[in-house]
Amino acid sequence: MQYSFVAIIISLASMVLAALIYKSKGYRAIYYASLILLAQCISLFLCLFWLGCYYFTGEGVNDAVIYTLTRSLYGADFKDYVAPFVVAVLLIGLLLFLSWRFMQGKNVQKERKHYASITAVLLTFFAVGISPALLQFTNYSKPPAEVDGSDFSRYYITPDTRINNPKYNLVYIYAESR
Numbered sequence: 158m159q160y161s162f163v164a165i166i167i168s169l170a171s172m173v174l175a176a177l178i179y180k181s182k183g184y185r186a187i188y189y190a191s192l193i194l195l196a197q198c199i200s201l202f203l204c205l206f207w208l209g210c211y212y213f214t215g216e217g218v219n220d221a222v223i224y225t226l227t228r229s230l231y232g233a234d235f236k237d238y239v240a241p242f243v244v245a246v247l248l249i250g251l252l253l254f255l256s257w258r259f260m261q262g263k264n265v266q267k268e269r270k271h272y273a274s275i276t277a278v279l280l281t282f283f284a285v286g287i288s289p290a291l292l293q294f295t296n297y298s299k300p301p302a303e304v305d306g307s308d309f310s311r312y313y314i315t316p317d318t319r320i321n322n323p324k325y326n327l328v329y330i331y332a333e334s335r
């Protein structure tokens with residue numbers, strides 16, 4: 158997972174570089190700023206999501222995360238998920254607000270270039286594309302290799318129905334109930 162931390166660093170660096178390019182050289186237009194902020198929001202969400210998954214699984218997005226996302230949360234209390242969600246939303250909102258304030262400035266269009274703004278937009282979308290969460294999700298969405306099952310009988314071992322000389326173990330099972 159060394160690659161994933163490098164990908165997060167590259168993603169965040171490209172977002173910062175895009176904001177600097179837009180502020181210093183970019184042509185100021187609401188559509189450029191909106192595209193940059195949208196891509197930054199998506200990239201920040203994916204990075205925070207991956208870090209949360211890595212905190213719980215040690216691998217980022219894996220089978221356990223996919224299973225948890227596709228199954229119901231029956232049995233888990235809703236309040237267990239509220240605090241991390243609120244913190245993530247507030248953090249993303251704060252970072253987007255600071256980014257918006259940073260990119261706004263004097264509205265002097267002299268010496269401002271459209272290609273610099275387009276470069277900034279492309280850099281922020283690059284940050285989304287390099288995000289480890291997105292890369293791991295796309296790996297899970299690939300269809301499995303074709304299996305025809307012709308070698309099943311060669312590898313299947315029929316289990317014995319009787320155990321010769323069984324050795325009995327005494328196992329105590331303690332159950333806790335509410």
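Using the working numbering, read the sequence shown as starting at 158 and increasing by one per residue.
Backbone N, C-alpha and C fix where the C-beta goes; we use that ideal spot for every residue, glycine too.
Where does G209 fall in DSSP's three states? Looking at G209 - three-state DSSP - the assignment turns out to be helix.
CB-CB under 8 Å to C198, same chain, minus the five flanking residues each way: which ones, in chain order? In the same chain as C198, and ignoring 5 residues on each side of it, the C-beta atoms closer than 8 Å to its own belong to I249 and L253, in chain order.
I need the boundaries of the alpha helix (DSSP H) containing P289, first residue and last residue. Secondary structure note for P289: its alpha helix (DSSP H) is the uninterrupted segment P289 to Y297.
For K180, three-class secondary structure by DSSP: Of the three classes helix, strand and coil, the one that applies to K180 here is helix, per DSSP.
T318 classed as buried or exposed, judged by whether at least 16 other C-beta atoms fall within 10 angstroms: T318 is exposed by the Cβ-count criterion.
Limits of the unbroken alpha helix (DSSP H) element including Y312: F309 to Y312 is the extent of the alpha helix (DSSP H) around Y312.
Nearest to F162 (by Cα), restricted to the options L174, A175, R185 and Y212: With distances taken between Cα atoms, F162 lies closest to Y212.
Have a look at S168, A277 and I167 and flag the residue whose alpha-carbon is nearest the alpha-carbon of A175. Residue A277 is the option with its Cα nearest to A175.
Helix, strand or coil for K236? Go by DSSP, reduced to three states. Correct three-state label for K236: helix.
I need the straight-line Cα distance from A186 to I275, nearest angstrom please. Their backbone Cα atoms lie some 11 Å apart in a straight line.
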